[in-house]
Amino acid sequence: MSSSDVSVVLVHGAWADGSSWSKVIRPLAADGAAVSAAALPLTSLQDDVAALDRALQRVPGPVVLAGHAYGGAVIAATCSNRVKALVYVAALAPDEGETVADVFYRFEPHPQAPKLAPDSHGLIYLPNAAFDTAFAPNATAAERAVLAAVQRPISPACINAAVPRPLWKDRPAWFLVAEQDRMIVADNQRFMAERMRARMRSHAVDHTPMVTDPPVVLNVLHEAIAAVRAGNLA
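Using the numbering used here, read the sequence shown as starting at 66 and increasing by one per residue.
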């Protein structure tokens, strides 16, 4: 399927950068898509949305916008009318007036979820051991080493700000539920997907399927791209 008339913008979550999407970017680009990964500063929700808006200005045509984890809150806060579809990958989807923390802590955490707290600089890092036990347990040791090495801390200002009316109320959304997720439990993801009335796809993948099972993520993205190209956005 050629998708040269649709741009795909990918948004990373906390403790990550755009390289987390590399296994998805390569096949999309080979397929002819104009694909890019927005770089978030992770300094505040407002800063992150502004960074996404700048990234959207640099791509042509209608856009399929995908977010992983915390990135789900960011993609829903853009006001770009060129965004035609949203894709949530093991993502967080707060409703209007909620915070990321509200939805992240809504359900009992997985027993192997890491304990998170700001450091002496007020930033939240993921403990290196958590990349093995919770963030990407299905990845190879080499992949986990890279994820840990490139991790970027997140500020509490990202997760404690109430969100505006989310874009998923006005755009079609797809939601990939990660059944083996130890960071955001699957029941929490299903709750958010059902509340959004998203097209839910559930698979036995961990928190980072774009690293550990990219074909699953690509299948959902291709569904959204095809719907945008066909105008099937009801």
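Yeah, the Cβ is synthetic: ideal placement off N, Cα and C, and Gly gets one too.
Leaving out five residues on either side along the sequence, give the residues of the same chain with a beta carbon under 8 angstroms from the beta carbon of residue i.
| i | result |
| --- | --- |
| GLU163 | ALA227 and VAL228 |
| ARG264 | PRO237, ALA238, TRP239, PHE240 and GLU288 |
| ALA269 | GLU244 and GLN245 |
| VAL276 | SER85, LYS88, ALA201, ALA204, GLU208 and LEU212 |
| THR143 | VAL114, LEU117, ASP118, LEU121, LEU130 and LEU232 |
| SER109 | SER220, ALA222, CYS223 and ALA226 |
| GLY126 | ASP70, VAL71, SER72, ALA99 and ARG147 |
| ALA292 | ALA150, PRO237 and LEU298 |
| LEU188 | PRO218, ILE219 and SER220 |
Where does residue i land, buried or exposed, given buried means 16+ other C-beta within 10 angstroms?
| i | result |
| --- | --- |
| HIS133 | buried |
| HIS272 | buried |
| ASN297 | exposed |
| PRO176 | exposed |
| ALA220 | The residue asked about is misnamed: residue 220 is Ser in this sequence, not Ala. When all chains shown are included, SER220 counts as buried. |
| ASP252 | exposed |
| TYR170 | exposed |
| ASP184 | exposed |
| PRO280 | exposed |
| LYS234 | exposed |
| VAL128 | buried |
| ARG260 | exposed |
| GLN216 | buried |
| ALA199 | buried |
| ARG91 | exposed |
| ALA214 | exposed |
| ALA206 | exposed |
| ALA95 | exposed |
Below 8 angstroms on the Cβ atoms is my contact criterion, and I expect residue i with residue j to pass it. Report the Cβ-Cβ distance as a whole number of Å.
| i | j | result |
| --- | --- | --- |
| VAL71 | ARG294 | 6 angstroms |
| MET250 | VAL154 | It is Val, not Met, that sits at residue 250 in the sequence shown. The Cβ separation is near 15 angstroms, so there is no contact. |
| VAL152 | ALA131 | 4 angstroms |
| ALA195 | PRO179 | 4 angstroms |
| MET257 | VAL168 | 6 angstroms |
| GLU161 | ARG230 | 5 angstroms |
Going along the chain, which residues of its own chain have a beta-carbon closer than 7 angstroms to the beta-carbon of residue i, five neighbours each way excluded?
| i | result |
| --- | --- |
| ASP113 | LEU105, PRO106, LEU107, VAL139 and CYS223 |
| GLY137 | TYR153, ALA156, LEU157 and ALA158 |
| VAL124 | SER72, VAL74, ALA99 and SER101 |
| PHE172 | VAL250, ASP252 and ASN253 |
| SER267 | VAL242 and GLU244 |
| ALA79 | LEU107, ALA134, TYR135 and ILE219 |
With a threshold of 6 angstroms on Cβ separation, who are the neighbours of residue i within its own chain once the five nearest residues in sequence on each side are excluded?
| i | result |
| --- | --- |
| PRO192 | PRO179 |
| VAL300 | As shown, the chain starts at 66 and ends at 299. That puts residue 300 outside it, with no answer to give. |
| GLY83 | HIS77, ALA102 and ALA104 |
| ALA141 | PRO231, LEU232 and TRP233 |
| ALA81 | none |
Margin query: Three Cβ pairs or more, each shorter than 8 angstroms: is that satisfied between the region 98 to 113 and the region 233 to 252?
Written below: No contact exists between the region 98 to 113 and the region 233 to 252.
Notebook entry, point to check: Which residue spans inside the region 179 to 247 form an unbroken alpha helix (DSSP H) run of at least 4?
Noted result: Fully enclosed alpha helix (DSSP H) runs of 4 or longer: 206 to 215 and 221 to 224.
Next item on the list: Return the chain-ordered ranges of every beta strand (DSSP E) run that is complete within the region 135 to 162 and spans a minimum of 3 residues.
Entry: Inside the region 135 to 162, DSSP marks whole beta strand (DSSP E) runs of 3 or more residues at positions 148 to 154, from first to last along the chain.
Next item on the list: Output the residue ranges of the alpha helix (DSSP H) runs that lie fully inside the region 97 to 136 and measure 4 residues or longer, sorted by chain position.
Entry: Listed in chain order, they are 110 to 122.
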